[in-house]
Amino acid sequence: MKLLTKYLAREIYASIALVFTVLIMLFAFMDLIQELADLGEGGYSISKVLLYVALIVPGHIYELFPLAVLIGSIFAIVQMASNSELMVYRSSGASLQQMIVALLKIGAPLVVLCFVFGEFIAPPSDKLAQQILLKAKNANVSLKEFRSGVWVKDERSFVNVKSVLPDTTLLNISIYEFDETYHLRAITAAQKASYVSNDKWLLEGVRQTRFNGKNGTSLNNQDRAEWQSTLNPRLLNVLLIQPEKMSSLDLYQYTKHLSENHQNTGRYEIAMWNKLAYPVAVLIMMMLALPFSAYHRREGGISSKIFIGIVLGLSFHFGGKLFSNLGALNDWQPMMSATAISWIYLSVALLLMWRTERR
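Sequential numbering from 1 applies to the sequence shown in the numbering used here.
What follows is the structure in structure tokens.
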């Protein structure tokens, strides 16, 4: 059985590597074409474009893991079945249970690799890519994140934002205005800011302190005030990291923060459970590929099996997003919303294996 596991591992790993190479090259090419449309905007040079495309590759690798594993496993298993290799192993006494155990052993390192990409490589890489994109396209605005919130340099002003909502509404803003000699002229604090249009924001709950030199200071409180700034929702989207692209640890900490402030945590809890369950989907995809070992030429060639694998992989990907969105909209139990598609595909895999064994 060790010989079978080693041989299967070699064939499956080689096929998965080939599939990953093709998919990543395809996605990188499409990203490059998309970014070339913005070439020359600000300081967005061809080197920055290539760097940006390279930095978002780890995110694609993580997202494509189940699909690549499924297609690669199907390709390897069908290829071996077409050469009657699997038939020899089964005739030698290898049971279905032993085949499943062999696949689980082969899939274990892939689960770990998927988890590492999702936790430690893809999130910081994607964040760095967004920062490079922002800096290249908007040289006059810079953003920095600290424990005190987000700091934005807006021409001669420095803006501190405590929270940014998904609709790019700003909460608890402090604006420090300086003159051309870098002397502090005014401090404006607002509870909320909503984007209007043409780089204009509507501040609510405004408290302004102006420093008039020898004339002292003046205080001004307003319910609403208009604020002109080069800061806009497009720039703030860099700060709004999608929950799906955050690490599970960051999601846990942010969910805890939202819960302590009595805010809705549904979307982030679903994303956290999805992060934890997603690597396990690699094993499910390998089990789903096993029924393809019952290869019959009259049922179609290898290409038809690969096509079925692509359809199954894509339906898994989009089905997972569907259940996550429905769970967030309808306040379903987060863990079940995140893992529903995995349970469905595990059931399908077991049903197909039972049907194959019966035949």
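Glycine included, every Cβ here is placed at the ideal spot set by N, Cα and C.
These figures come from a predicted structure and were not determined experimentally.
In the structure shown, Y195 falls within a strand segment according to DSSP collapsed to helix, strand and coil. For I175, the uninterrupted beta strand (DSSP E) segment begins and ends at L170 to F178. Fewer than three pairs of CB atoms, one per stretch, sit closer than 8 angstroms, so the stretch 111–120 makes no contact with the stretch 17–36.
Assigned with DSSP and collapsed to three states, E226 falls in strand. For the pair W201 and Q222, the CB atoms are not nearer than the 9 angstroms cut-off. Runs of alpha helix (DSSP H) with 4 or more residues, each lying fully within the stretch 85–135, are found at 85–91 and 96–116, listed in chain order. Residue environment: N220 is assigned as exposed (fewer than 16 neighbouring CB atoms within 10 Å of its CB, all protein chains considered). In the DSSP assignment, F29 falls within the unbroken alpha helix (DSSP H) covering K2 to L36. Spanning the alpha carbons of Y44 and R355 requires a straight line of approximately 56 angstroms. In this structure S92 is exposed. Its beta-carbon is surrounded by fewer than 16 other beta-carbon atoms within 10 angstroms. Shown here for S247: same chain residues with a beta carbon closer than 6 angstroms to its own, the five before and five after excluded, namely E119 and P123 in chain order. Relative to the Cα of L288, the nearest Cα in the group Y52, E35, M80 and S73 belongs to S73. Non-local beta-carbon contacts of I56 in its own chain, meaning distances under 8 angstroms to residues more than five positions away in sequence, involve D31, S125, D126 and A129 in chain order. A distance below 9 angstroms separates the beta carbons of L110 and F65. In this structure, the CA atom of E180 is about 25 angstroms from the CA atom of L203. With a cutoff of 9 angstroms on beta-carbon distance, I132 and L51 are scored as near each other.
Residue pairing of T265 in beta bridges, as defined by DSSP: absent, with no partner found. In the structure shown, W343 adopts helical secondary structure according to DSSP, grouped into three states. Close CB contacts of R210 within its chain, under the 6 angstroms cut and outside five residues either way in sequence, are with A186 and S218 (chain order). One alpha carbon belongs to T5, the other to I106, and they sit about 7 angstroms apart. Y7 has its alpha-carbon roughly 33 angstroms from the corresponding atom of A54.
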